[in-house]
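Residue numbers (our numbering): 400 to 533.
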């Protein structure tokens with residue numbers, strides 16, 4: 400069994416996809432827009448070009464995403480996505496890419512469990528942990 404995160408960006412999904420492509424090398428496996436739904440009643444004025452469903456491959460993990468209800472107010476609380484880095488330089492690169500427009504929750508540094516670990520919130524409000532496993 401796999402558990403896969405599904406993130407709702409409430410109108411900013413296209414922007415988020417581009418951000419994760421640049422920051423983490425995400426690859427888009429599938430992208431459907433509301434206007435392409437078989438049931439046209441789901442397509443409302445203003446959401447026709449928004450993302451109904453997207454599937455991103457980030458490393459070995461599939462992350463799904465959508466604009467959801469397109470309210471313009473995404474909320475990501477109570478969880479974080481964790482990214483493994485190959486080494487300290489890779490951790491620095493990934494962390495710095497993720498905090499572009501966001502903020503640092505815990506600066507990258509040496510901990511008792513990792514030579515490099517940090518936590519941040521990206522510009523969409525998604526919480527991330529970047530770790531180099533010992």
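Ideal Cβ placement from N, Cα and C applies to all residues, glycine included.
Sheet register partners of residue 456 (DSSP bridge): 426, 461
Whether residue 451 touches residue 463 by CB criterion (9 Å): no
Reduced DSSP category for residue 400 - H, G, I as helix; E, B as strand; rest coil: coil
Bounding residues of the alpha helix (DSSP H) (the contiguous stretch that carries residue 495): 487-497
Where residue 402 falls, given that 16 or more other Cβ within 10 Å makes a residue buried: exposed
Rounded C-alpha distance that separates residue 482 from residue 453: 20 Å
Beta-carbon spacing of residue 527, residue 480 below 9 Å: yes
Supposed close pair residue 523, residue 411 - CB separation, criterion 8 Å: 6 Å
Residue 412 in three-state terms, based on DSSP: helix
Cα-Cα separation, residue 414 to residue 421: 11 Å
Nearest-angstrom Cα separation, counted from residue 490 out to residue 498: 12 Å
Opening and closing residue of the beta strand (DSSP E) in which residue 527 lies: 526-531
Span separating the alpha-carbon of residue 531 from that of residue 485: 6 Å
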